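**Q** Submitted below is the structure of interest, expressed as structure tokens.
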């Protein structure tokens, strides 16, 4: 009952205004106030600062600097597998794409075309393919890494809502990940195209990529697209590709008959960046 009421309340909240205010606070250096907020956040969400490259909360000038903190070089060893887990978080869902339908939660599905901003030609690459949806909680490491080597082809910003993306909301809001604001990153790999969709959420001020920086929404509220297929922007497996300025969700799409997820990958499982995610299908 509580979860249902919390989800319904989100339809009434001024989500975008709250997100703008939170983003402004998180981006501004506010001295001891920033440090106090960071210390409270660490206690509230049991953040493990022992694995951070800079473990001292007072060393971060802004909340964003803390939230997107880097880790010690030895904190996330990379597994010897074809596809690596790109983030710290939990598996929301993963598995087969039923023609063009992605499973969100019991009673809820959405289409690859809707997720990809209405681009049916792009979506067709993933008919009967595989997907994985990974949720990053507030306590998690919030940089996003490459699951495999990839040559960047396109980036698409799709404007949308800013619902929370926690498990309760995923169960209660139809088509959640195809409704929220998102940044679609399209890569070319040996197996064909693959997509990493960075999903915005309430209080998620911005999303950023290593090749572009912060991806700002268009003032017109229209879809924006950048083409990179003629450029040599190639990111290696395990390399950082982006980050959330306050947490959210990553949805990955792979073509038919290209990946086989590790047997341990089941909804609800906690995962860490660099672990085995999948192997190539032969």
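Numbering (this note's numbering), first residue to last: 1298 to 1579. A virtual CB, placed ideally from N, CA and C, is assigned to each residue, including glycine. None of the values given here were measured: they were computed from a predicted structure.
1) At the level of alpha carbons, what is the spacing between residue 1627 and residue 1577?
2) Got a sec? Which residues, its chain only, sit under 6 Å from residue 1440 by beta carbon, not counting five neighbours each side?
3) Is residue 1382 closer than 8 Å to residue 1558 when the C-beta atoms are compared?
4) Please report the straight-line C-alpha distance between residue 1545 and residue 1477, rounded to a whole angstrom.
5) For residue 1401, count the other beta carbons within 10 Å of its own beta carbon; 16 or more makes it buried, fewer makes it exposed. Which is it?
6) Quick one: residues in its chain with C-beta nearer than 7 Å to the C-beta of residue 1376, no 5 flanking neighbours on either side, listed in chain order?
7) How would you write the range of the beta strand (DSSP E) that residue 1432 sits in, first residue to last?
8) Here's the rule: buried if 16 or more other CB atoms are within 10 angstroms of the residue's CB, otherwise exposed. What is residue 1256?
9) Between which two residues does the beta strand (DSSP E) containing residue 1547 stretch?
10) Would you check if there are 3 or more beta carbon pairs closer than 8 Å linking the region 1411-1425 to the region 1481-1501?
11) Threshold first: 4 residues or longer. Then list the alpha helix (DSSP H) segments lying entirely within the region 1341-1379, N to C.
12) With distances taken from CA atoms, which of 1379, 1347, 1327, 1342 is nearest residue 1436?
13) Give me the residue from 1479, 1404, 1428 with the minimum Cα distance to residue 1553.
14) From the DSSP output, in three-state form, read off residue 1421 for me.
15) How long is the line joining the alpha carbons of residue 1386 and residue 1340, rounded to whole angstroms?
16) Apart from the five residues on each side of it in sequence, which residues of its chain come closer than 8 Å, Cβ to Cβ, to residue 1458?
17) Pop quiz: residue 1447 and residue 1486 are said to be a contact at Cβ under 8 Å. What is the actual Cβ separation, rounded to whole angstroms?
18) Note down the Cα distance separating residue 1364 from residue 1438, rounded to an integer number of angstroms.
19) Beta-carbon within less than 8 Å of residue 1562's beta-carbon, same chain only, minus the 5 sequence neighbours each way: which residues are those?
20) Using the three-state DSSP reduction, which class does residue 1336 fall into: helix, strand or coil?
21) In angstroms, rounded to a whole number, what distance separates the CA positions of residue 1324 and residue 1443?
22) Which whole-angstrom value is the C-beta distance of residue 1547 and residue 1431, which I expect to be below 8 Å?
23) Between residue 1347 and residue 1367, what straight-line distance do the alpha-carbon atoms span, to the nearest angstrom?
24) For residue 1495, report the span of its beta strand (DSSP E) as first-last.
**A** Quick answer:
1) Because the chain spans 1298 through 1579 in this model, residue 1627 falls outside it and cannot be assessed.
2) Cβ neighbours of residue 1440 beyond the five flanking positions: 1537, 1540.
3) In terms of Cβ geometry, residue 1558 and residue 1382 do not form a close pair [threshold 8 Å].
4) The alpha-carbon atoms of residue 1545 and residue 1477 are separated by roughly 11 Å.
5) Label assigned to residue 1401: buried.
6) Taking residue 1376 as the centre and dropping the five residues before and after it, the same chain places the C-beta of 1571, 1572, 1573 closer than 7 Å to its C-beta, in chain order.
7) Boundaries of the beta strand (DSSP E) harbouring residue 1432: 1427-1432, taken from the DSSP string.
8) Given a span of 1298 to 1579 for the chain in the structure shown, any question on residue 1256 remains unanswerable.
9) Start and end: 1546-1551.
10) As far as the Cβ criterion goes, the region 1411-1425 touches the region 1481-1501, which means the pair count is three or higher.
11) For the region 1341-1379, whole alpha helix (DSSP H) runs of length 4 or above, ordered along the chain, are 1360-1364.
12) With distances taken between Cα atoms, residue 1436 lies closest to 1342.
13) Ranking 1479, 1404, 1428 by Cα distance to residue 1553 puts 1428 first.
14) Helix at residue 1421.
15) Those two C-alpha atoms are separated by around 18 Å.
16) The residues are 1312, 1476, 1477, 1478.
17) Between residue 1486 and residue 1447 the Cβ distance is about 5 Å, and since that is below 8 Å, they are a contact.
18) Going by the C-alpha atoms only, they are around 8 Å apart.
19) Correct list, in chain order: 1388, 1391, 1429, 1568, 1574, 1575.
20) In this structure, residue 1336 counts as helix in the three-state DSSP scheme.
21) Straight-line Cα distance between these residues: approximately 26 Å.
22) For residue 1547 against residue 1431, the beta-carbon gap comes to about 5 Å, under 8 Å, which counts as contact.
23) If I take the Cα positions, the gap works out to 12 Å.
24) Residues 1489-1496.
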